[in-house]
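Counting from 1, position 111 in the sequence shown corresponds to residue 111 in the numbering used here; the numbering is continuous, with no gaps.
We put the CB at the ideal spot given by N, CA and C, even for glycine.
Input: a single structure, listed below in structure tokens.
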Amino acid sequence: MNSHEIDYRIIGEDIQIVEIELDPNETVIAEAGSMLFMEDGIMFETKMGDGSQPTQGFLGKLMQAGSRLITGESLFMTHFTNRGHGKRKVAFAAPYPGTVMPINLANIYGNQLIVQRDGFLCAALGTRLSIHFNQRIGSGLFGGEGFILQKIQGDGMAFVHAGGVVIERQLNNETLRVDTGCVVAFEPSISFDIQRSGGLRSMVFGGEGLFLATLRGTGRIWIQSMPISKLVQRLSVGGGQANKEGGSILGGLGNMFED
Numbered sequence: 001m002n003s004h005e006i007d008y009r010i011i012g013e014d015i016q017i018v019e020i021e022l023d024p025n026e027t028v029i030a031e032a033g034s035m036l037f038m039e040d041g042i043m044f045e046t047k048m049g050d051g052s053q054p055t056q057g058f059l060g061k062l063m064q065a066g067s068r069l070i071t072g073e074s075l076f077m078t079h080f081t082n083r084g085h086g087k088r089k090v091a092f093a094a095p096y097p098g099t100v101m102p103i104n105l106a107n108i109y110g111n112q113l114i115v116q117r118d119g120f121l122c123a124a125l126g127t128r129l130s131i132h133f134n135q136r137i138g139s140g141l142f143g144g145e146g147f148i149l150q151k152i153q154g155d156g157m158a159f160v161h162a163g164g165v166v167i168e169r170q171l172n173n174e175t176l177r178v179d180t181g182c183v184v185a186f187e188p189s190i191s192f193d194i195q196r197s198g199g200l201r202s203m204v205f206g207g208e209g210l211f212l213a214t215l216r217g218t219g220r221i222w223i224q225s226m227p228i229s230k231l232v233q234r235l236s237v238g239g240g241q242a243n244k245e246g247g248s249i250l251g252g253l254g255n256m257f258e259d
């Protein structure tokens, strides 16, 4: 195994955190600012890159870190290492309420997972993070959530956060259409595209948005029930009004067709 072998437990139900237990000299990498607590003996260091390629030169690290800026993440990552003599714990919390998904990359097709651009939380050292561009034309034109994604590679544990409840679906040469913001992750054997949701009337008055994510193939996908974009919309004044109007993108204008 190239990645460090870490132990963990998920704490909480509606708002979850992950507590990771490190043996001496074991390391976990995490997004900057996600650490909740760490026990005495845990030392942390901010680095440029994920540390999966220790012999990589400065230019390579700079290019890798620069690609993270495109996904909206920090230029740096934090490495937490147990420098004590016994087991020590460090915990991480997601930036918004939801679920922490433990993923054993050794059990994922090709040891790779495609994740929404802000979904990565932390992982065992040896895990590689890179940018993943969706080549589908529809995703590039209309899919802000699906055009630029993250690729997580390795053979150890990685942790992804999602909003609300997470559903895992296995596709067997099938097609599934999902709200564009609700796709958390999928295996690389799955084809991902953004397509219009239906006819003009359905797109305008259906309340399901103009476009839907279309996933095809054989493999696993993970869906979240409440992405941060929907949560913000529901909590905002405009989102509340849209909800009262049945989700129509035209808001109060929809009442004109009910009189």
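Per DSSP, the unbroken beta strand (DSSP E) holding residue 171 starts and ends at 166-179.
Within its own chain, the residues whose Cβ lies closer than 6 Å to the Cβ of residue 169, once the five positions on either side in sequence are excluded, are 221, listed in chain order.
The beta strand (DSSP E) runs lying completely inside the stretch 18-52 and spanning 3 residues or more are 27-31, 35-38, 42-47, given in chain order.
Using a 10 angstroms sphere on the CB of residue 157, the tally of other CB atoms reaches 16 or more, which defines it as buried. C-alpha of residue 151 to C-alpha of residue 190: approximately 13 Å in a straight line. Of 160, 153, 216, 100, the smallest CA-CA separation from residue 172 is found for 216. In the three-state scheme derived from DSSP, where H, G and I count as helix and E and B as strand, residue 2 is classed as coil. Relative to residue 120, the option among 192, 163, 211 whose CA is nearest is 163. Between residue 37 and residue 89, the alpha-carbon positions lie close to 8 Å from each other.
The three-state secondary structure of residue 93, taken from DSSP, is strand. A Cβ-Cβ contact shorter than 8 Å links residue 35 with residue 78.
Residue pairing of residue 153 in beta bridges, as defined by DSSP: 112, 128. Taken through DSSP and simplified to helix, strand or coil, residue 228 comes out as helix. Residue 122 and residue 223 have their C-alpha atoms spaced approximately 19 Å apart. If you draw a 10 Å sphere on the C-beta of residue 81, you find 16 or more other C-beta atoms in it, and that means buried.
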